[in-house]
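In our numbering, the protein residues as written are 3 to 310.
Encoded structure:
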């Protein structure tokens, strides 16, 4: 349940749902199994998985939800092989060329035959909503999967006025200054990993791991004009993460101080444990996100006004 990646969205209008009304809306599109001829289907499942029934888990004002997608595993190479076999048979027996439209129809026939027999996989994407701060936080490293999540939520609710928030200061510029001048805020510490890119589009890329980023080697790259596109950071000895130039937060790890809070609560009840974990995680991430924006000059409110 502990989030490993954060894709952030800012509500441009107040989020007016509470746990009960959001639950009612999500219940209109529950997760289900794909039909025989469906390649994919989406819906909402319990954040607690099989241990829960409710589609919304609420604690301390935060709302957790889970999008569930089932998709058939049908490799393109397998479909292509079956189509090619049929094309070859037609061209040999009828002595004519198979045109594109007919090939497309053959592909549809192949898909109709193979889909009912195909295996499937289920993908869960978790997110939580912070109505007070006006944030939607999706646990994925992929911007595309985050957009898929918001598209499903928008379709379910009828509207979803969200945009990715933009800090006032460009992440690559701030991170580059932190490494160049060693002047990062006291809440944040630099770890031993970064990615440096030349300013031009086709420029070189340098990836550093398990390396002192204050070393002469790194300083030389910065002096030559390379910019920081990714940087591993530590927040108050509570969370480590990697921040990229698009302000995406990846590879989050909650450190011992946070884990000790979890261990201090002694319970064998799965629902109670989930509630404790969710409460601690969201409170930590809420403050973390707030201080992260502050470190980058605050949020660009003008960009939100334009989006609204």
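Ideal Cβ positions, reconstructed from N, Cα and C, are used throughout, including at glycine.
DSSP state of residue i mapped onto helix, strand, coil
i	result
residue 249	coil
residue 39	coil
residue 124	strand
residue 135	coil
residue 19	coil
residue 186	coil
residue 13	strand
residue 70	strand
residue 4	coil
residue 301	strand
residue 118	helix
residue 51	helix
residue 173	helix
residue 160	coil
Cross-strand partners of residue i (DSSP beta bridge)
i	result
residue 293	Note: residue 293 sits in no beta bridge, so no partner.
residue 58	In the DSSP output, where bridge partners are listed per residue, residue 58 has none listed.
residue 129	67 and 140
residue 75	121
residue 81	For residue 81, which the question treats as bridged, DSSP gives no partner whatsoever.
residue 32	46
residue 191	236
Option nearest residue i by Cα separation, candidates the options
i	options	result
residue 290	272, 245, 237 and 68	237
residue 48	285, 152, 273 and 115	273
residue 158	6, 256, 24 and 117	24
residue 34	123, 286 and 268	123
residue 248	41, 144 and 191	144
residue 128	265, 71 and 241	71
residue 206	187, 215 and 226	226
residue 190	294, 46 and 37	294
residue 5	276, 298, 296 and 88	276
residue 297	259, 188 and 199	188
residue 220	245, 204 and 184	184
residue 160	19, 243, 125 and 8	19
residue 224	200, 278, 17 and 280	200
residue 212	118, 197 and 133	197
residue 182	216, 170, 86 and 162	216
residue 230	210, 218, 242 and 239	210
residue 1	171, 94, 120 and 87	The displayed coordinates of the chain run from 3 to 310. Any statement about residue 1 would go beyond what the structure contains.
residue 2	133, 299 and 27	Because residue 2 is not part of the residues shown, which for the chain are 3 to 310, the question remains open.
residue 284	256, 46, 56 and 146	256
residue 45	151, 267, 266 and 278	151
residue 130	241, 8, 240 and 95	8
residue 262	96, 88, 241 and 79	241
residue 282	142, 270 and 265	265
residue 126	86, 259 and 52	52
residue 89	79, 259 and 105	105
residue 245	36, 174 and 148	174
Item checked: Length at least 3, wholly inside the stretch 194-277: the beta strand (DSSP E) runs in chain order -> 207-211, 229-237, 241-246 and 251-256
Item checked: Inside the stretch 88-114 only - beta strand (DSSP E) runs reaching at least 3 residues -> If you keep only unbroken beta strand (DSSP E) runs of at least 3 residues inside the stretch 88-114, you get nothing at all.
Next item on the list: Could you tell me whether the stretch 131-143 touches the stretch 11-18, where touching means 3 or more Cβ pairs closer than 8 Å?
Entry: yes
Next item on the list: Give a yes or no on contact between the stretch 248-264 and the stretch 101-112, applying the rule of three or more CB pairs nearer than 8 Å.
Entry: no
Notebook entry, point to check: So, do the stretch 180-200 and the stretch 231-245 have three or more beta carbon pairs nearer to each other than 8 Å?
Noted result: They touch, by the three-pair rule.
Notebook entry, point to check: For the stretch 113-121 against the stretch 48-65, are there 3 or more C-beta pairs whose distance is under 8 Å?
Noted result: no
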